[in-house]
Amino acid sequence: MIKFKYSSIFVLLILLSCKFEEQNKLGMYYEQTSPPNIKEYSFYYEFNMPFEILLNDVIIEKNIQLGMDGPTQLNQFILQNGEQKLKIRLTHPFAKNGGKIKPQDLTFINDRLGIYLKDQNINNGKLQLIKALEFQTITHVFLT
Numbered sequence: 063m064i065k066f067k068y069s070s071i072f073v074l075l076i077l078l079s080c081k082f083e084e085q086n087k088l089g090m091y092y093e094q095t096s097p098p099n100i101k102e103y104s105f106y107y108e109f110n111m112p113f114e115i116l117l118n119d120v121i122i123e124k125n126i127q128l129g130m131d132g133p134t135q136l137n138q139f140i141l142q143n144g145e146q147k148l149k150i151r152l153t154h155p156f157a158k159n160g161g162k163i164k165p166q167d168l169t170f171i172n173d174r175l176g177i178y179l180k181d182q183n184i185n186n187g188k189l190q191l192i193k194a195l196e197f198q199t200i201t202h203v204f205l206t
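Going by the numbering used here, the residue at position 12 of the sequence shown is 74; the numbering climbs one at a time, nothing skipped.
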C-alpha cells in the first residue's frame, strides 16, 4: 500500500514537471523570435589630411598619414544616455612646412560628414541621417 502511494505521487510529479517544461519551451521560443531593438550609431567621414576623431574625449579613430574615409561605429564608445561630444582634430599634411588648411579643404570635408542611425524599428533598418556636421568657414587666411 505504501509503495502504491509513493509510486502514484512520483508519477504525478513527473507529469507535472513535463507540463511546466513545455510551457518554458514555448516561452523561450517566443523570446528568441522577438526582434531585438538595437540602435547602431555610425560616424561617416572623408578626410584628405591627417585627423583625430574623439568621442567624449576618447580617441576613436586616428590617422597621421594623408587621411582616409569610412564609417566608424560609435556604440562601443557611448557609455551613457544623452548627448555625446564629438571632436575632430585636423592637421594639414604639410604643417611642418608651413602649410595651412584652406576654405576649399573644409568645403570638401563638410560635404561628407554626418552621424547616422540604423534602427530595425525605424525606416526598415536603413541608415538614417540624424546629424549633419560641418566646420565653420574660414573667413581669412594669414600669410607669413
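Quick reminder that beta carbons are idealized off the backbone N, C-alpha and C, glycines included.
Exercise for the section: Give the single residue among K147, K101, P133 whose Cα lies nearest to the Cα of L117. Expected result: K147
I'd like to know whether the C-beta atoms of F105 and I177 end up nearer to each other than 8 Å.
yes
Report task. Starting from the Cα of I140, find the closest Cα among I121, L128, I150, R151 and give me that residue. Result -> I121
(request) With a threshold of 16 other CB atoms inside 10 Å of the CB of L136, please say whether the residue is buried or exposed. (result) buried
Worksheet item: Using a Cβ-Cβ cut-off of 6 Å (strictly less than) and excluding sequence neighbours within five positions of Q127, which residues of its own chain qualify?
Response: none
Specify the secondary structure class of P110 as computed by DSSP and reduced to three states. As written in the sequence, residue 110 is Asn, which differs from the Pro given in the question. It is coil, neither helix nor strand.
Cβ neighbour criterion (16 or more within 10 Å) applied to M219
Absent from the structure is residue 219, since the part of the chain shown begins at 63 and ends at 206.
Out of curiosity, what's the CA-to-CA distance linking E83 and V73? Note on E83: pLDDT 48, under 50, position unreliable in the model; the coordinate value appears next. Distance between the alpha carbons of E83 and V73: 15 Å.
Chain-order list of residues whose beta-carbon lies under 8 Å from that of R174 (same chain, five-residue window excluded) = Y106, Y107, E108, D131
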